[in-house]
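Each position in the sequence shown, counted from 1, maps to that position plus 240 in my numbering.
Down below is the structure, laid out as structure tokens.
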Amino acid sequence: MTASQVNETAPRSRRAAWAGYGVAAWGFLFALPSFYWALGGTAGAATTIAPPLVKMVEDRVTWFLVVLWATGALKVVGGVVGLALLRRWGTGVSRLLQLAAWGAGGLLLWHGGLFIVQGLLMQADSAGIAPDLLPVIRWYTYLWGPWFMAGGLLFVTAALVHLRGLADRRGAVIAGAVGGLGALILSVAMLLLGIG
């Protein structure tokens, strides 16, 4: 086995592992509400998420339940990506991990930032907002927005830690750039189309 092969498969140092474990914990914890809501649970949801979403859970709207199961599964996959970033892999897997981590990181930072900025703007001019919606707006501004941003920062940090020492660093950087920019372009396009 050559020195570069040893470097490719060596586990990450304990000091550098916090970001990968952070991604895993963030993903697995964040999957729980999705699965809970998909199963019909709404305790605490009325004041923390948008009322139309709560109504769809209560009415058991099939397409929305599928979305909840799918987003829960994606969050679990995100947690697995965090664990995978703790180890060195071959070129193809490392590129795929960089693509996924930067894509998730960019998407989460953008989405969380939107929650915070929109929430602050809405609270600054709250005269036209129904009083019962203000608590929900505050949850999106001060909980969900920062939570998404924390996840994004964890993904980006774990990707950077994983990138160090890769034999094919250039290819991994390109894959990460494609993931990050692709996620951002997709998210902006969805926002402009009124979907996201």
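For each residue, glycine too, the CB sits at the ideal point set by N, CA and C.
Here the structure is a predicted model, which is why all the values come from computation and not from measurement.
Buried versus exposed, by CB contacts within 10 Å (16 or more), residue i
{"i": "Arg328", "result": "buried"}
{"i": "Thr397", "result": "buried"}
{"i": "Ser366", "result": "exposed"}
Distance, residue j Cα to residue i Cα
{"i": "Leu400", "j": "Val428", "result": "24 Å"}
{"i": "Gly284", "j": "Gly392", "result": "25 Å"}
{"i": "Phe304", "j": "Met296", "result": "7 Å"}
{"i": "Arg300", "j": "Pro386", "result": "29 Å"}
{"i": "Ala256", "j": "Gly332", "result": "22 Å"}
{"i": "Ala340", "j": "Gly346", "result": "10 Å"}
{"i": "Gly353", "j": "Met389", "result": "7 Å"}
Sub-8 Å separation of residue i and residue j beta-carbons
{"i": "Gln363", "j": "Gly416", "result": "no"}
{"i": "Leu308", "j": "Ala278", "result": "yes"}
{"i": "Leu190", "j": "Ala286", "result": "Shown here, the chain extends from 241 to 436; a query on residue 190 therefore has no answer."}
{"i": "Tyr380", "j": "Gly405", "result": "no"}
{"i": "Gly322", "j": "Ala423", "result": "no"}
{"i": "Arg410", "j": "Leu403", "result": "no"}
{"i": "Ala407", "j": "Arg335", "result": "no"}
8 Å CB neighbourhood of residue i in its chain, flanking five on each side removed
{"i": "Gly319", "result": "Val263, Ala264, Ala265, Trp266, Gly267, Phe268, Ala271"}
Closer than 8 Å to chain C by CB, residue i
{"i": "Ala341", "result": "The displayed structure is made up of one protein chain only, and chain C is not part of it."}
Contact belief for residue i with residue j at Cβ below 8 Å, rounded distance in angstroms
{"i": "Ser274", "j": "Thr311", "result": "5 Å"}
{"i": "Glu298", "j": "Thr282", "result": "6 Å"}
{"i": "Val376", "j": "Ala290", "result": "6 Å"}
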